[in-house]
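J.:
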Amino acid sequence: MDLAEMFQDRRSQAMLGGSILFMLIFPIYFAMVPGLVGLDDASSTGPSGKWTVSFTEETLTQTDTTDALSDGDTHEDTFVITEEMIGDNKNLASVTITIECQDQGAVGPGQNNGVDASSDVSGVSGELADQTDGGGCGNGIAASMTWNLIDGYDGQDYEADGTEAEIRSGWMDSDNGRGDWIVELTADVQNDAVGFPPFLSSDDQTYDITWTAVIFEVSMEPVIDIEDPTTA
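The working numbering applies: residue 10 is where the sequence shown begins, and numbers increase by one.
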């Protein structure tokens, strides 16, 4: 018996039509079910609701002191950040470098020693821009530069609505900031070797270079609203 003979009677034709209709409706039905029961694609990323979001911070710090530099001398310093240093489930919020110096000479008015600093972040992952800064040694910190890897991060707790995965994704560093952070400084030293008294005179300067990386981990707790029966 061929197919033409099989579907000659009305019952067979009706069964064939029903089978074809079911084949068309079946995938459409299951595509609509999540929306019909209040679920959407976000449900696969965890429960949705109001959350208290908090952060646990830690810092990586590296401090170096240069040799005594004369006017125009340069010094290069490198700070290496690896994925292993950051750790699992943690993200890199920012990297800051400060250059401090206490004037070791320049005793005359307007003769403070200083420094000019410029970064090289070409060896760091992510789209980061180089920075420059500089200043005198009279106030301690002569130069400072900061790179914020995650916009809006301030370490403060807050409440948010959404799924856990959606909220966490907003605090991911996307593996940016890994690599070799480099700064080159140029000494600005006032040559006052003939100053008075002689023991206060100096024609060189040392600088303290401090790198600080802020790392954080996100914690989330659901907010449970308990209705007061006396006000219900």
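Idealized CB from N, CA, C, for every residue including glycine. Since the model is a prediction, treat every value here as computed from it, not as a measurement.
#1: Hey, quick one: how far does the alpha helix (DSSP H) through residue 176 stretch, first residue to last?
#2: Just the C-alpha distance for residue 50 and residue 104, rounded to the nearest angstrom, thanks.
#3: To the nearest angstrom, how far is the alpha carbon of residue 67 from that of residue 214?
#4: Let's test the definition: count the other Cβ atoms within 10 Å of the Cβ of residue 131 and tell me whether it reaches 16, buried, or not, exposed.
#5: Would you list the residues sitting across from residue 71 in a DSSP beta bridge?
#6: Assign residue 226 to one of three DSSP states: helix, strand, or coil.
#7: With residue 227 and residue 62 assumed to form a contact (beta carbons below 8 Å), what rounded beta-carbon distance in angstroms separates them?
#8: Does residue 95 come out as helix, strand or coil in the three-state DSSP assignment?
#9: Quick one: what's got a C-beta closer than 7 Å to residue 232's C-beta in the same chain, skipping five residues either side?
#10: Judging by CA-CA distance, which residue of 161, 200, 216, 222 is the nearest neighbour of residue 188?
#11: Do the region 69-77 and the region 175-188 touch if we need at least three Cβ pairs shorter than 8 Å?
#12: From 230, 190, 139, pick the residue whose C-alpha is nearest to that of residue 89; which is it?
#13: Go ahead and label residue 52 buried or exposed: buried means 16 or more other beta carbons lie within 10 angstroms of its beta carbon, across all protein chains shown.
#14: If you count every other CB in all the chains shown that lies within 10 Å of the CB of residue 75, and 16 or more means buried, which is it?
#15: Shortest alpha-carbon distance to residue 57 belongs to which of 173, 197, 87, 163?
#16: Would you tell me roughly how many angstroms separate the C-alpha atoms of residue 160 and residue 101, rounded to the nearest one?
#17: Could you give the first and the last residue of the continuous beta strand (DSSP E) run that contains residue 136?
T.: So, to answer that:
#1: Here residue 176 refers to the residue found at position 167 when the sequence shown is read from its first residue. Note, residue 176: alpha helix (DSSP H), 173-178.
#2: Within the sequence shown, numbered from 1, the residue matching residue 50 stands at position 41. Within the sequence shown, numbered from 1, the residue matching residue 104 stands at position 95. Legend: pLDDT at residue 50 = 45, less than 50; position of this residue unreliable, value from coordinates given subsequently. Taking the straight line from one Cα to the other gives about 36 Å.
#3: For the purposes of this step, residue 67 is taken as residue 58 along the sequence shown, with counting starting at 1. For the purposes of this step, residue 214 is taken as residue 205 along the sequence shown, with counting starting at 1. Roughly 32 Å between the two C-alpha positions.
#4: Position 122 of the sequence shown holds residue 131. Under this definition residue 131 is an exposed residue.
#5: Translated into the one-based positions of the sequence shown, residue 71 becomes position 62. Note: residue 71 is bridge-paired with 220 in the DSSP secondary-structure output.
#6: The residue you call residue 226 lines up with position 217 of the sequence shown. DSSP places residue 226 in strand when its eight states are reduced to three.
#7: Taking the first residue of the sequence shown as position 1, residue 227 is located at position 218. Taking the first residue of the sequence shown as position 1, residue 62 is located at position 53. The Cβ separation is near 7 Å, so the contact holds.
#8: On the sequence shown, residue 95 is found 86 positions in, with the first residue counted as 1. Three-state DSSP puts residue 95 in a helix.
#9: Locating residue 232 in the sequence shown gives position 223, counting from the first residue. Within the same chain, residue 232 has close Cβ partners 59, 60, 61, 168.
#10: In the sequence shown, the residue the question calls residue 188 occupies position 179. It is 222 whose Cα lies nearest to the Cα of residue 188.
#11: no
#12: Within the sequence shown, residue 89 is the residue found at index 80, counting from 1. It is 190.
#13: Taking the first residue of the sequence shown as 1, we reach residue 52 at position 43. Here the model assigns residue 52 a pLDDT of 47, short of 50, so the residue's position is not dependable, and the following value carries that caveat. Classification for residue 52: exposed.
#14: As a first step, residue 75 must be located in the sequence shown, where it is residue number 66. The residue in question, residue 75, is buried, as its Cβ has 16 or more Cβ neighbours within 10 Å.
#15: Translated into the one-based positions of the sequence shown, residue 57 becomes position 48. Out of 173, 197, 87, 163, 173 has the C-alpha closest to the C-alpha of residue 57.
#16: If you number the sequence shown from 1, residue 160 lands on position 151. If you number the sequence shown from 1, residue 101 lands on position 92. The alpha-carbon atoms of residue 160 and residue 101 are separated by roughly 11 Å.
#17: Residue 136 sits at position 127 when you count from the first residue of the sequence shown. Element bounds for residue 136: n/a, residue is neither H nor E.
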